[in-house]
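Worksheet: one structure, shown below.
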Amino acid sequence: MLFIRADHAERIGSQHVTGAPDVVVEVSSPSTRHLELVLKRELYQRYGVPEYWYVDLEAERMEIYRREGEAYAAPVMRYPGQALESAELTGFTMPVEEALGMEL
Numbered sequence: 014m015l016f017i018r019a020d021h022a023e024r025i026g027s028q029h030v031t032g033a034p035d036v037v038v039e040v041s042s043p044s045t046r047h048l049e050l051v052l053k054r055e056l057y058q059r060y061g062v063p064e065y066w067y068v069d070l071e072a073e074r075m076e077i078y079r080r081e082g083e084a085y086a087a088p089v090m091r092y093p094g095q096a097l098e099s100a101e102l103t104g105f106t107m108p109v110e111e112a113l114g115m116e117l
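Residues are numbered in this note's numbering as their position in the sequence shown, beginning at 1, plus a constant of 13.
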């Protein structure tokens, strides 16, 4: 899933996105874990995606990668009982359980 803020709406073309989304969310899958956490994360970092969220269903946590300069800083980990907040989505907050598909 990706999110593009309204002030970046010009990035949305008729058939594709023409610039970096503001937030990208990937949901874990055992068969694609390496692809998501290594290859795709490097790609998002290279093309300037400010935030990359990895929803790790197996570990029951979220990893939030935020750019600091040209690279992502160490991930911020969020677990059930905590809230997810975004520097890119002003005012956004979500219980981690909701992102993990757990009962609230």
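Where is the CB? At the ideal position from N, CA and C, for every residue including glycine.
In this chain, the alpha helix (DSSP H) harbouring E110 covers 109-113. The region 83-98 makes contact with the region 53-67, as at least three CB pairs between them are under 8 Å. Excluding the 5 residues flanking it on each side, S99 has same chain C-beta neighbours closer than 7 Å at V36, E64, F105, in chain order. Counting the other Cβ atoms within 10 Å of the Cβ of L15 gives fewer than 16, which makes it exposed. Within the same chain, and ignoring the five residues on either side of R24 in sequence, the residues whose Cβ sits closer than 6 Å to its Cβ are I17, V30, T31, G32. Rounded to the nearest angstrom, the Cβ distance from L97 to A112 is 6 Å, consistent with a contact under 8 Å.
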